[in-house]
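A.B. asks: Residue numbers (the numbering used here): 2 to 83. Mind having a look at this structure? Questions to follow.
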């Protein structure tokens, strides 16, 4: 019997005159004492591209934070997943 896993994908939608230099996803299970996991998104996505993160092996509800680094600024969006 194979282990269950959660596959996460989403599209990046942004408007900027600067290119994205780096992109990261951070997720953490919504339970006390859980560590945030960093997942660098490579290759760096272009506007409208589908991003697929590494599968999550442990079921549960997770906080999700996406960070885009541009030339002189950063932008973050937060959400959650189950």
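Where a beta carbon is used, it is the ideal one built from N, C-alpha and C, also for glycine.
Helix or strand or just coil, what does DSSP make of residue 84?
C.D. replies: There is simply no residue 84 to check, as the chain begins at 2 and stops at 83 in what is shown.
A.B. asks: Tell me which residue opens and which closes the beta strand (DSSP E) that residue 80 is part of.
C.D. replies: Taking the chain shown and counting its residues from 1, the one referred to as residue 80 is at position 79. Unbroken beta strand (DSSP E) run through residue 80: 75 to 82.
A.B. asks: Skipping 5 residues on each side, what residues in its chain have a beta carbon closer than 6 Å to that of residue 41?
C.D. replies: Within the chain shown, the letter at position 40 stands for residue 41. Correct list, in chain order: 25.
A.B. asks: Does the beta-carbon of residue 73 have 16 or more other beta-carbons within 10 angstroms, so that it is buried, or is it exposed?
C.D. replies: As a first step, residue 73 must be located in the chain shown, where it is residue number 72. Burial call: exposed.
A.B. asks: Candidates 69, 37, 79 and 27: which alpha carbon is nearest residue 15's?
C.D. replies: For the purposes of this step, residue 15 is taken as the residue at position 14 of the chain shown. That would be 69, whose Cα lies nearest to the Cα of residue 15.
A.B. asks: Apart from the five residues on each side of it in sequence, which residues of its chain come closer than 7 Å, Cβ to Cβ, to residue 35?
C.D. replies: Taking the chain shown and counting its residues from 1, the one referred to as residue 35 is at position 34. These residues qualify, in order along the chain: 29.
A.B. asks: Hey, out of 12, 27 and 77, whose CA is closest to residue 57's CA?
C.D. replies: The count along the chain shown starts at 1 and reaches residue 57 at position 56. The shortest Cα separation from residue 57 among 12, 27 and 77 belongs to 27.
A.B. asks: If residue 46 sits next to residue 13, beta carbons under 8 Å apart, how far is it from one beta carbon to the other, in whole angstroms?
C.D. replies: Against the chain shown, residue 46 aligns to sequence position 45. Against the chain shown, residue 13 aligns to sequence position 12. Residue 46 to residue 13, Cβ: 4 Å. Contact.
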